[in-house]
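Structure first, commentary second.
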Amino acid sequence: MTALRVGVLAYPGCFASEVFGVPDLLTMAARVAGPDRAGYEVSVVSPRRRVTASGGVELAVSPPREVDVLVVPGFELTPGSEPGPGWGVDERLARLGPEVEVIRSHAASGRVVVSICVGAFLLAEAGLLDSRRATTAWILADELARRCPAAEIRPEHLVVTDRGVTTTAAFSAMYDFALGLIREHSGARVARTTARVALLDDARSSQTPYVDLRLLPRPGDEFSRRVMRWLDQNLAAPYDLAALSGTFHVSTRTLLRRFAGETGHSPLEYLQTARVRRARHLLETTDRTVAAISAAVGYRDPGTFAALFARHTGRRPRDYRAAFRRDAG
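For the sequence shown, our numbering assigns the number 41 to the initial residue and increments by one for each residue that follows.
And the structure:
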């Protein structure tokens, strides 16, 4: 039996939780699989002698070694930084030249490289995302696309694998990746059991249910924020672009141009996302029927609503309620 060698690349300011999250789940999977199955040999590596992770956590590290899978965790953003170009990414990458070289060298050997969350920016810096599909935390997907125009950024996906390079969405998506690795190395039964023991959902595939476009407007976004507030307050009203433009005393062309310029989306795209967000809340916290919720968020035809909801969340409304139901009180 040959253990799968997994190395986690630690570096200053990386999320300690993302350093240990995958190894902890692999350890759990090895115990589930039993001593007769090939397990996992996990190490935390760094080109530095000492590494302080986010929160001031001192990490015990060893020099980079040959591994089958190199995992690159995400990092803490600059305190006080806000959505938009930058986010403190430049400052962070400028100090991580040695780590980028480790990533580049590992990839050149033909072995698997994986990034967690915004660790994708280190892969981009190493040139690994060019001409590949990739994902990252949805709130930074536009920034990654701006920095790496040769990549095809797929912000709706939790995990994307393209020719030996795997990228994941934010934080908890590391468990989706880890479960996939367990499934591949230890089998579907072990992966399912590990997910149950750890209280993880091993069936999800999209980060779209968690996207909130209100967090994405760019600097100088007061106009789009006013439009968003109006749409939020009128979810059940039919979408009428001409009437919406009249409300804000601009032409339809100006409305579309300014809104897209500030948010990267059309008003209709925002409205659909807002309706789905409200529907998710109602499905989670009330016993109202799907038809009633459909009407409450502006859709007379429950079938049309269900199709839109599934496109945004990856689940039909009833399936979503079954997975995410909370006590109404």
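Idealized CB from N, CA, C, for every residue including glycine.
As the structure is a computational prediction, the values presented were derived from the model and not from experiment.
- Shown here for Leu65: same chain residues with a beta carbon closer than 7 Å to its own, the five before and five after excluded, namely Tyr215, Ala218, Thr234, Ala238 in chain order.
- About 13 Å separates the CB atoms of Val59 and Leu110; that is not less than 8 Å, and the two are not in contact.
- The beta carbon of Val251 lies closer than 6 Å to those of Trp178 in the same chain, with the five residues before and after it left out.
- Looking from the CA of Ala277, the closest CA among Asp261, Ala300, Leu308 belongs to Leu308.
- Per DSSP, Glu141 is one residue of the alpha helix (DSSP H) stretching across 137-148.
- Counting along the chain, the unbroken alpha helix (DSSP H) around Leu221 starts and ends at 213-226.
- Looking at the DSSP output, Thr248 shares a beta bridge with no other residue.
- Counting along the chain, the unbroken alpha helix (DSSP H) around Asp130 starts and ends at 129-134.
- Residue state for Asp202 is assigned as strand, using DSSP reduced to three classes.
- DSSP places Ala277 in the coil class of the three-state scheme, outside both helix and strand.
- Rounded to whole angstroms, the gap between the alpha carbons of Ile143 and Glu165 is 10 Å.
- The Cβ-Cβ distance between Ile193 and Thr206 does not fall below 8 Å.
- Less than 8 Å separates the beta-carbon of Leu162 from that of Glu139.
- In this structure the stretch 263-272 does not touch the stretch 89-100; the number of beta carbon pairs closer than 8 Å is below three.
- Collapsing the DSSP output to three states places Leu110 in a strand.
- Look at the stretch 58-96 and you find these whole runs of beta strand (DSSP E), each 3 residues long or longer: 80-85.
- For the pair Val46 and Thr353, the Cα-to-Cα distance works out to about 32 Å.
- Three or more beta-carbon pairs separated by less than 8 Å link the stretch 342-349 to the stretch 314-330, which places the two stretches in contact.
- The beta carbons of Ser155 and Thr208 sit closer together than 8 Å.
- Proximity to Arg77 across Arg315, Arg223, Ala43 peaks at Ala43, based on C-alpha coordinates.
- When C-alpha distances from Ala160 are compared across Val112, Ser306, Gly338, the shortest belongs to Val112.
- Cβ-Cβ distances below 7 Å link Arg328 to Leu322 in the same chain, with the five nearest sequence neighbours on each side left out; the list follows chain order.
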